[in-house]
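Line by line, the protein sequences are chains W and G.
Following this note's numbering, the numbering of the first sequence begins with 879 at its first residue and continues without gaps.
Following this note's numbering, the numbering of the second sequence begins with 425 at its first residue and continues without gaps.
Below is one structure, written out as structure tokens; the observations come after it.
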Amino acid sequence: MSVSEQTVRNNQGRNPTIHMEHVSKVYQMGKVEVRALDDVSLDVWAGEFIVFLGPSGSGKTTLLNVIGGLDSPTSGIVNVNDVDVTSLSQGKLTWFRRNHIGFIFQFFNLIPTLTAEENVEFAAELVHDRRSAVELLKAVGLGERRKHFPAELSGGENQRVAVARALATNPSVLLCDEPTGSLDFETGKGIYKLLRDLNEERGTVICVVTHNAPVGEIADRVVRLHDGYIADITVNDKPLDPNKLRW
Amino acid sequence: MVTMSNLNRKLLRDLLAAKAQFAAVAAIIAIGIVSFVAVYESYQNLYLSAEHSYEVLSMGDYWISVDELPARAARDVDEIDGVTAVGRIVGETRVDLDLESGRRVEAHVVSLPSGHRAPVNDIEILSGDYFSPGDKRELLLDTRFAEHHGLEPGDWLTLERAGVSASFRIVGIAVSPEYIWIAKSMQELFATPETYGVMFMPHGMAESFFDMRGMVNEISLRTDESVDESELLDSIRNILRSNGIKRITITTDDDIGIATRKIDIVHGVRTAHIVPREDQLSHAVLRMELDAFEQMSVLFPMLFLLVAALATYVLLSRMVESQRIQIGLMRALGYGKLQVLSHYVGFALVVGVIGSIAGALVGHALARILTDVFIGFFHIPHVEIQPQWSVVGLGVIMGTSVPVLGGIVPAWTTMRLHPAESMRPPAPPIGRRTPLEVLLPFIPRLPTVFKLPLRNSFRNPRRTLFMAFGVMAATAMVLVSLSFVNMMNHMFTQVEQGANYDLRLFYTGVGSTSTTRFVGNHAQVERSESVLEQPYRLKLRDASIDTAIMGLPAGTDMYRLFHEDGSRAEIPREGILLTTAIQNDLKAEIGDVIRLEPLVGTVAEKEITVVGIVDEFMGGKTYVSLEKAQDLFDLPGAATGALVRFYGEPDARTMERIYNIPEVASAETAAALIDFYEDQMDFFWAFVSVMLIMSFGLGIAIVFNGVTVNVLERRREIAIMRAVGMGDRQLAKMITIENLGVGTIGILVGLPLGYEIANAFMQQVAADAEGFAFTAIIYPSSYVIAAVSGGLMLLLAQIPPIRRVTRMSLPTVTKGWTS
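The structure is reproduced here in structure tokens:
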């Protein structure tokens, strides 16, 4: 039985962690209408590791933003942990992101004037059920570097701080937008290993957006996007160990 | 242990990262608050000191001036319920100071009881003693007069009146709440202690000296709060009428002209004049000064705080723009809109609190010094200095709320930023031809070093406007400061050019032109000309003003008058010349016919045509020919003084002979007059210097911030230019060209703005001072200095940011969006 089949079986009788139904997102750029998402429907189950693949402009980041409540769809339904994200006010969306979602960005987006530890605490301070910044940084291998500022860390280290920060609020969903886009191959591989371990150890739903096709091999499912619609969904029976990843 | 949230930690570190820029804003706030707290607290201290002195020394509420009344009349007034009244004798006398030059001066003598202290208008003894009982030949001198002439208790002084001399022993030196400001009249506000002083004499002695046994010529009184003013005035009128007074005037509606109405002995009609405290000369001048002081305490801080608000706005706008990804991140992590908003408002709050607390504390300390300087200048008898914590608190509130108001707009924009949108790097600025390039087609062919700055100026109009505003504000403030210097120079020049005589004589009462001719007969006298001056009320339509009409020989060269354009104005044979200030007050034009109402004597009202306007900064007199004055006043052959010019330096003997002429009450040399003006203005120069320093500080701070924001916003672009081979000098040249271009706009707007501010300030002061021509005077050289200063401030302030960009690490800046 594949991992994905196992996942579905484990979640039988439950609602999916992420449920998207006929989701569209249309931007008006002057007189031009840009359809970033076009009738996307998808369920993501607890414990899944999903990679969204597609070229630039295919709607990957928009999809992630809509799931994370950073952007609202023009039409359709988005439920995350049984919360209808599309019906939430701005204030409720803030609360929702704080308690359900963790973000990892391509350019890390760390606060440059805070140390690694403070950057993690910066997120942890927002919730009661917080995790220790020191422990998280140790877990990502930065225990010794926690007092350093982002400018004093390498790109890979910065991204690991970003991972630790994303986990500080104990999110059930981790949304990663090109998390290795600005890292070298070896460092990137280490980040995927870290994400995969988190997924397996904690059951955190991991959604990775990338245009790097080989990354899809480590996922349970690969969703290919093209011009805003889902072109293809592939299930990996045996996801690749991130250590064996090559691109 | 109190732990700091990481959001606050970020705030603190962001502040430290841009410490120079935030410090510049805090400095602007601090300067504004220093000037507000120091000046406003001093104003309150001076106000309180004056009020306290009035209270302690029982300053009168009303003065009744008459030719003479039996002392019983004063007792009758004293018996009115709720009234304490004192009858006294007030008069002018000559003082023989027994100086080597033989010069004599005029004194204003006020009688005081000898057995006890006066229940109304008491004095404060600074040294020596009060009068001994028994109405002896004793005098108390006002401290300014005593100091100027080196007189001390124990010295003797000879007073002369009506050809009789009497010597008095000085028993003490004093100050009086009635004479905090000593002036002969509102038209002669500056009475120099060289020729004029106030002294006090035992009442019994004054009765014999002024030949007024059992009589008084002034009643001063204080009232309880319960006293109804109209009932009181009715009672006083009844008492005065029962003592033969036919005409009673009250200056309730005239807040200035009162001094000119000091009653003289008039022919026939006996007049009494009632002066409430608000019209009392010293009090009115002091209040005028304090009002100007109060206005100044608000006007300049407002300018600074406005600039601080704008500086905060620009600084935080840049910060919000440069941290839009961080804002998006915060929102993505789950920070609420209000948390983010308050985080950015926090920057303004911290800067405001630091700037205003520092400013308020320094201002509070300076207030003490400033109060001492002004107390020393005004000679207020009882000093009441209290820490004005409400002013300090108000300063802190103002200094804190103004930058918060400035910062709230950019902070508010964070509320509108959509998290997903703000995490995307901003679109690169669009390069396009500027409107100027479209209008001037040769511009695109200019070298890059000119073309780029031009395009940059148009690329971010808000930033360009702020830069221009900074230079404009600084230039305007320098010009306003210089306008004060120009105003003083203009005044001195007018005094110097106008007083083309060597000596001015004041006769006792109304004298004769024959005295002037007698003076002219002295061997060393080149020329002497009579002057005839009388107080008058000028009326035109609904407007009126109390002033003096001065009669001068037509075509005189000794008392020069000038038109506003600087050309000489001749004294006309017919008609009257008004000063600009009186013209403004009366809204008069050349050709208007003005009604003249004499303020003394029984001369009938007359009419006269305005034939010209003269520019006279200080004093609000009007001018007619001597013959016309004699005709108007119905005083043929009369003169109240003379202007004298000598061949070279007159010897002591000539001077003594002139001073000894019985009709000569006092004399004033033109040189002494100018010296006196200069002495009076010592603290003024200090004030202007501080203002200039503050203006420069403001200019440097705001331009520094403007240029820094300008340069930092484009540091990647600048780094790219450096990376492709543009040298530091070229870069500095390009930034300088851009800044100078924008600065020139600021300077061009700042100059007329400075003129308007100076004018508005002067007109505000003039509104409180009837008869004074307080219009802004700015010399062409001041415009040049202000413009050069604006440019200089810009060049100095851009040095640190230029050094910063030429030293920044290229790899770091070009690395991209790593955070």
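Built from N, CA and C at the ideal position, the CB exists for glycine as well.
### Query
Under a CB-based cut-off of 7 Å, is W/Asn1048 close to chain G?
no
### Task
Provide the residue span of the beta strand (DSSP E) that contains W/Val1018, from first to last.
Here W/Val1018 belongs to no beta strand (DSSP E), and DSSP marks it neither H nor E.
### Within chain A, partners of G/Arg437 - CB distance below 8 Å
Although the question refers to chain A, the structure presented lacks it and instead comprises the protein chains W and G.
### Query
Whose Cβ in chain W lies nearer than 7 Å to the Cβ of G/Ala844?
Asn943, Leu948 and Asp949
### Query
Alpha carbon to alpha carbon, how far is G/Arg951 from G/Lys963?
36 Å
### Residues that G/Gln468 contacts on chain W, provided the C-beta gap is smaller than 7 Å
Here the premise fails: no neighbours, minimum Cβ distance about 43 Å.
### Query
DSSP state of G/Tyr737, grouped into three classes?
helix
### Per-residue contacts from G/Ile749 into chain W (C-beta, under 7 Å)
Asn987
### Query
Are there three or more Cβ pairs, one per stretch, closer than 8 Å when the segment 595-607 of chain G is compared with the segment 697-708 of chain G?
yes
### Message
With the cut-off set at 7 Å, would you say G/Val1127 and G/Leu1218 are in Cβ contact?
### Response
yes
### Query
Any contact of the segment 1008-1015 of chain G with the segment 1025-1040 of chain G, i.e. 3+ C-beta pairs under 8 Å?
yes
### Message
Taking the straight line between their C-alpha atoms, what separation do you get for G/Leu657 and G/Leu1067?
### Response
43 Å
### Message
Once DSSP output is grouped into helix, strand and coil, what is the label at W/Thr993?
### Response
coil
### Message
Using a Cβ-based criterion (distance less than 6 Å to any ligand heavy atom), does G/Leu1164 qualify as near the ligand ADP?
### Response
Among the ligands in the structure shown, none appear at all, so the ligand ADP cannot be discussed.
### Task
Check W/His1026 in the structure and name its three-state DSSP category.
coil
### Message
So for G/Asp678, helix, strand or coil by DSSP?
### Response
At G/Asp678 the pLDDT is 44, less than 50, meaning the model places this residue with poor confidence and gives no usable figure here.
### DSSP three-state assignment for W/Asp1055, whether helix, strand or coil
strand
### Message
Along the chain, where does the alpha helix (DSSP H) containing G/Asp438 start, and where does it finish?
### Response
Asn430 to Ala441
### Query
chain G beta carbons: is any one of them nearer than 7 Å to that of W/Ala1001?
yes
### Task
For W/Thr1082, go through chain G and note every residue whose CB falls closer than 8 Å to its CB, in chain order.
Simply none; closest approach about 16 Å.
### Chain-ordered neighbours of G/Asn430 on chain W, where CB pairs are closer than 7 Å
Leu992, Glu996, Glu999, Phe1000 and Glu1003
### Task
Apply the 10 Å Cβ neighbour rule to G/Thr1033 and answer buried if 16 or more other Cβ atoms are within range, or exposed otherwise.
exposed
### Query
Do the segment 953-968 of chain W and the segment 1065-1081 of chain W meet, that is, are 3 or more Cβ pairs less than 8 Å apart?
no
### beta strand (DSSP E) segments (min. 3 residues) lying fully within the segment 562-592 of chain G
562-566 and 580-585
### Message
Assuming contact is defined by CB atoms lying nearer than 7 Å, are G/Phe555 and G/Glu548 in contact in what I supplied?
### Response
no
### Query
Since G/Val1131 sits in a beta bridge, which residues does DSSP pair it with?
G/Val1131 pairs with nothing; no bridge assigned.
### Task
Would you mind sorting G/Ile1117 into buried or exposed? The rule is 16 or more other CB atoms within 10 Å of its CB.
exposed
### Query
Which residues in the same chain have their Cβ closer than 6 Å to the Cβ of G/Gly533, if we skip the five residues on either side of it in sequence?
Note on identity: in this sequence residue 533 of chain G is Val, with Gly being the wrong assignment. Counting only Cβ-Cβ distances below 6 Å, and skipping sequence neighbours, we find Gly515, Thr517, Met623 and Met625.
### Query
Taking Cβ-Cβ distances below 7 Å as the criterion, which residues of the segment 436-467 of chain G are in contact with chain W?
Arg437, Asp438 and Ala441
### Query
Alpha carbon to alpha carbon, what distance is there between G/Phe1185 and G/Ile1201?
12 Å
### Task
Write down the C-beta distance between G/Phe798 and G/Leu470 rounded to the nearest angstrom, noting that I regard them as a contact closer than 8 Å.
6 Å
### Task
Can you give me the start and stop residues for the alpha helix (DSSP H) that G/Asn1084 sits inside?
First-last for G/Asn1084: undefined, no H or E at that position.
### Message
Which runs of the beta strand (DSSP E) at least 3 residues long sit entirely within the segment 1056-1125 of chain W? Give them in chain order.
### Response
1083-1088, 1099-1104 and 1107-1113
### Query
When the Cα of G/Gly770 is compared with those of G/Leu435, G/Val862 and G/Ala791, which residue comes out closest?
G/Leu435
#### Entry: Residues of its chain near G/Glu1102, where Cβ-Cβ distance is below 8 Å and the 5 sequence neighbours each way are ignored
Phe916
### Message
Would G/Gly760 pass as an interface residue toward chain W - the criterion being a Cβ-Cβ separation below 7 Å?
### Response
yes
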